[in-house]
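Residue 181 is where the sequence shown starts when you use the numbering used here, and the numbers rise one by one after that. No residue lacks a Cβ here, since even glycine has one placed at the ideal position from N, Cα and C. Bear in mind the structure is a predicted one, so any value in this text is a computation, not a measurement. Input: a single structure, listed below in structure tokens.
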Amino acid sequence: MKNTVSFSFNRQWMKRPNNLIEPIAAPDNIRLAAWKAAKGKRYTAEVLRWSEKSEKNVLQLRGQILSGRVQVGNYRYFTVYEPKERKICAAAFNEQVLHHSMMNICHDYFERRQIFDSYASRKGKGVYAALERARHYSNTNKWYLKLDIRKFFETISHEVLILQLSRLIKDPAVVGIFEQIIHSYETESGRGVPIGSLTSQYFANHYLNGLDRIIKEKIRARAYVRYMDDMVIWHDDKAALLDMRDTIREYVEQDLRCQLKPEGLNRTVSGLPFLGYHLFPWHIRLLQQSKQRFIRKMRKVTEAEKSEIWSQEKCQRHALPLLAFVRHADTGVLRKNVALRQGW
Numbered sequence: 181m182k183n184t185v186s187f188s189f190n191r192q193w194m195k196r197p198n199n200l201i202e203p204i205a206a207p208d209n210i211r212l213a214a215w216k217a218a219k220g221k222r223y224t225a226e227v228l229r230w231s232e233k234s235e236k237n238v239l240q241l242r243g244q245i246l247s248g249r250v251q252v253g254n255y256r257y258f259t260v261y262e263p264k265e266r267k268i269c270a271a272a273f274n275e276q277v278l279h280h281s282m283m284n285i286c287h288d289y290f291e292r293r294q295i296f297d298s299y300a301s302r303k304g305k306g307v308y309a310a311l312e313r314a315r316h317y318s319n320t321n322k323w324y325l326k327l328d329i330r331k332f333f334e335t336i337s338h339e340v341l342i343l344q345l346s347r348l349i350k351d352p353a354v355v356g357i358f359e360q361i362i363h364s365y366e367t368e369s370g371r372g373v374p375i376g377s378l379t380s381q382y383f384a385n386h387y388l389n390g391l392d393r394i395i396k397e398k399i400r401a402r403a404y405v406r407y408m409d410d411m412v413i414w415h416d417d418k419a420a421l422l423d424m425r426d427t428i429r430e431y432v433e434q435d436l437r438c439q440l441k442p443e444g445l446n447r448t449v450s451g452l453p454f455l456g457y458h459l460f461p462w463h464i465r466l467l468q469q470s471k472q473r474f475i476r477k478m479r480k481v482t483e484a485e486k487s488e489i490w491s492q493e494k495c496q497r498h499a500l501p502l503l504a505f506v507r508h509a510d511t512g513v514l515r516k517n518v519a520l521r522q523g524w
């Protein structure tokens, strides 16, 4: 399977785009990018400073893009602990505007490469769509094989990623800016993209697109779902899944230069842990850690409302996503008990 990173798919829509740098650098595109980057933080000090001289900043960023020399690498780091401990990397606001400017124009070219059953960071997809698709496959197959990549974002190879991008987009000026963004961050020499960056979401999804094609078109897995690097294949034949696993591992190690975690292979009737849920053929439960997280966060919302630390509107903004998450599982009793405890 050597050189399968260059696996060829002859489709007319795969023609590489060119001459994209001028649309990316267009002032109206940069203004739109700034509006998108400011969502949810319009009154923070950094955004307000940028907005005070917005036209000057737009023209300055336009000049950087056209010259091919962009200012990147000004990151702020912080740690989140749920659902697991992760180091988040927040780019400076000007870099976020750059990322949105790039993706406003390049989005469609990344999107066209994605298979139907890739669900992370895509409009019209997401956790709940992936969950419903996984439930369908669990209802119709006897076995599942669950795979994910060890420290995925941290181990993405810069060399492999840049090669993939050069095969996606013909315009060397665009690839050159992507290359600067990629090289502005590393966890070890030549590896890693930052969690929390808009471009990283696109890069990470695209990094596994070749693997998606291998799974769907070479080993012909009929039932397959991927949410970023969480991958599940279903089949009625356990031996067939083991053969698929070996092919996938070889591709991941040789072509992507990453490592798979130990796989999960089990009968669907035993339940599939996936995206915070426990899927069985005819019902869905919350994983224990998801249940505990829901209780803890709802308690925090209630305490913040009672002490008037948060406004009612802010409490609703925090509570509604939590409730939406648990309503996708069989949690009627849990929600009732939490409501009684919190005095709702």
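| said: Out of A509, R476 and A420, which one is the CA nearest neighbour of Y457? | reply: A509
| field | Contact under 7 Å by Cβ, I375 with R473 | value | no
| First and last residue of the beta strand (DSSP E) that includes M411? | D410 to H415
| query | Nearest to Y382 by CA position, among R393, A403, D409 and E483, is which residue? | reply | D409
| query | Does the beta-carbon of S188 have 16 or more other beta-carbons within 10 angstroms, so that it is buried, or is it exposed? | reply | For S188, the predicted structure reports a pLDDT of 38, less than 50, and the residue's modelled location is therefore unreliable. A value from the coordinates is still provided. Exposed is the call here.
| request: Pull up the distance between the alpha-carbon of S346 and that of L502, whole angstroms please. | output: 40 Å
| said: Please state the DSSP three-state secondary structure of L455. | reply: coil
| query | Can you name the residues that DSSP bridges to H463? | reply | F460
| message | Looking at the secondary structure, which residues open and close the alpha helix (DSSP H) in which T482 lies? | response | Q468 to K486
| field | Of the listed residues H287, M478 and F505, nearest to L467 (C-alpha basis) | value | F505
| Looking at the structure shown, is L200 part of a helix, part of a strand, or coil, going by DSSP? | coil
| field | beta strand (DSSP E) segments (min. 3 residues) lying fully within the segment 341-383 | value | none
| field | When R229, S318, Q244 and E397 are compared against S554, the one with the closest alpha-carbon | value | Given that the chain is displayed from residue 181 to residue 524, the structure contains no residue 554 and the question cannot be resolved.
| Pairing CB atoms from the segment 298-311 with CB atoms from the segment 338-355, are three or more of them under 8 Å? | no
| query | Can we say the segment 316-332 touches the segment 432-449, given the rule of at least three CB pairs closer than 8 Å? | reply | yes
| query | What residue does the beta strand (DSSP E) around A270 start on, and which one ends it? | reply | R266 to A271
| Closest residue to R229 among N284, F273, P442 and A300 (Cα-Cα distance) | F273
| task | Pull up the DSSP beta-bridge partners for F258, would you. | result | I268
| query | Using the C-alpha atoms, what's the distance from M424 back to I399? | reply | 7 Å
| Classification of R191 by the beta-carbon crowding that lies within 10 angstroms, buried from 16 upward | Confidence at R191 is low in this model, with a pLDDT of 41, below 50, so its placement is unreliable and the value that follows should be read with caution. Answer is exposed; the Cβ neighbour count stays below 16.
| Considering W323, what are the terminal residues of the beta strand (DSSP E) in which it resides? | W323 to L327
| Proximity below 7 Å, CB of K494 to CB of D416 | no
| Nearest-angstrom Cα separation, counted from V238 out to S231 | 10 Å
| field | Where the beta strand (DSSP E) through V405 begins and ends | value | A403 to Y407
| said: So, at 7 Å on beta carbons, what are the nonlocal neighbours of I295 in its own chain, with the 5 sequence-adjacent residues on each side left out? | reply: D392 and K396
| said: Let's test the definition: count the other Cβ atoms within 10 Å of the Cβ of A419 and tell me whether it reaches 16, buried, or not, exposed. | reply: exposed
| task | Drop a sphere of 10 angstroms on the beta-carbon of Y223, count the other beta-carbons inside from all chains shown, and report buried for 16 or more, exposed for fewer. | result | exposed
| How would you label W414, buried or exposed, when you count the other beta carbons within 10 angstroms and need 16 or more for buried? | buried
| request: Tell me whether Q492 is buried or exposed, calling it buried when 16 or more other Cβ atoms sit within 10 Å of its Cβ. | output: exposed
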